[in-house]
Amino acid sequence: MKKGLILATAAFLLIPAFAITGVKAISEKEETVIISENSSDITGDGVNEKISLNGEPYEEEEQFLKEIYIDVTTSNEKRFTIPLESGEKASFQLIDFNQDGVKDIFANVVTGGTDGDIYSYLYTLKDFIRKDLSVPDPLEMDSSFEKGYKAKLTITATDKTYLFDLKDRKKYYKKLGIYYKGKLNEPTELTVNTFHSLRPANIGGGVIGLKGIQRVTGAANTDTIAIVESSWKYEDGKWKLIKAEVQNEVNN
325 MKKGLILATA AFLLIPAFAI TGVKAISEKE ETVIISENSS DITGDGVNEK
375 ISLNGEPYEE EEQFLKEIYI DVTTSNEKRF TIPLESGEKA SFQLIDFNQD
425 GVKDIFANVV TGGTDGDIYS YLYTLKDFIR KDLSVPDPLE MDSSFEKGYK
475 AKLTITATDK TYLFDLKDRK KYYKKLGIYY KGKLNEPTEL TVNTFHSLRP
525 ANIGGGVIGL KGIQRVTGAA NTDTIAIVES SWKYEDGKWK LIKAEVQNEV
575 NN
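With this note's numbering as the guide, the letters of the sequence shown map in order to residues 325 to 576.
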């Protein structure tokens, strides 16, 4: 099962489990909270199933859920449980990504707050058979600092290269010893992060796919050099990259 480590045609919010209306009160007798619920036909039998996103908080830290899972009760009384990663925020949405006429379950879990890792899941229960449709892998990129306070980024899938002028960070990089008189002290790669977000989006022609955002950072996690946005379509049993765009936070 692949996990993706943040537009959409419908709002898709990652909801803190401790701030949801309708959550069961946490007590000594009740350890499980219901994060969110929905009712829809996700098996294709014409009858709505009950879908709930549940979690179990740590006793010492109620804001963090040590166990998160999706529970599905079908019309023929079958029960499916989909385990997810532990985390602080979780949500799910029902969308037909593989265009088979039946909605799929797409879920996200975020750990560590706003800047935490994101784990994404996609399942279908058509014909009462659970199948992992997976999610796209983050884009692979080659990146590095270049002489003259510049950076270079190449996206492997598109073979496109982008250059960035980092002169506005000259003092910062000199202080860290990355550059000396405009020259690199040694070859240094940038950090290509996993998905910061992955969410449903209309990718054209009325088709709902996924849009992912990755950050490329330099000397520190807060030193963002580029934002890479990728659009994906589920086609022929796998995810196909439709478009990749690079937005930089410094002047070219």
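Just so it is clear, CB atoms sit at the ideal spot from N, CA and C, and this is done for glycine as well.
For the stretch 443-486, the continuous beta strand (DSSP E) assignments of 3+ residues that do not extend past its boundaries occur at 465-470, 474-479, in sequence order.
Rounded to the nearest angstrom, the gap between the Cα atoms of Asn432 and Ser415 is 6 Å. Take Thr398, set aside five residues on each side of it, and the residues of its chain with a beta-carbon closer than 7 Å to its own are Thr367, Glu373, Phe452, in chain order. Here Leu500 carries a helix assignment [DSSP, helix/strand/coil]. Using a C-beta cut-off of 8 Å, the stretch 419-426 makes no contact with the stretch 502-518, since fewer than three inter-stretch Cβ pairs fall below that distance. Around the C-beta of Lys491, fewer than 16 other C-beta atoms lie within 10 Å, and the residue is accordingly described as exposed. In this structure, the CA atom of Tyr447 is about 12 Å from the CA atom of Val396.
Fully contained in the stretch 527-565 is no alpha helix (DSSP H) run of length 4 or more. By the neighbour-count criterion, in which a residue is buried when 16 or more other Cβ atoms sit within 10 angstroms of its Cβ, Val371 is exposed. In the DSSP assignment, Tyr382 falls outside any beta strand (DSSP E), carrying neither H nor E.
By the neighbour-count criterion, in which 16 or more other beta carbons inside 10 Å mark a residue as buried, Glu409 falls on the buried side.
The criterion of a C-beta distance shorter than 9 Å is satisfied by Ser521 and Ile442. Going by DSSP, Val426 is part of no beta strand (DSSP E) at all; its letter is neither H nor E. Beta-bridge partners assigned by DSSP to Lys374: Ser363, Thr397.
A distance below 9 Å separates the beta carbons of Ile551 and Ile537. Cα atoms of Gln387 and Pro407: separation of roughly 19 Å, rounded to the nearest angstrom. Secondary-structure assignment with DSSP links Arg523 through a beta bridge to Lys535. Rounded to the nearest angstrom, the gap between the Cα atoms of Lys450 and Asp365 is 9 Å.
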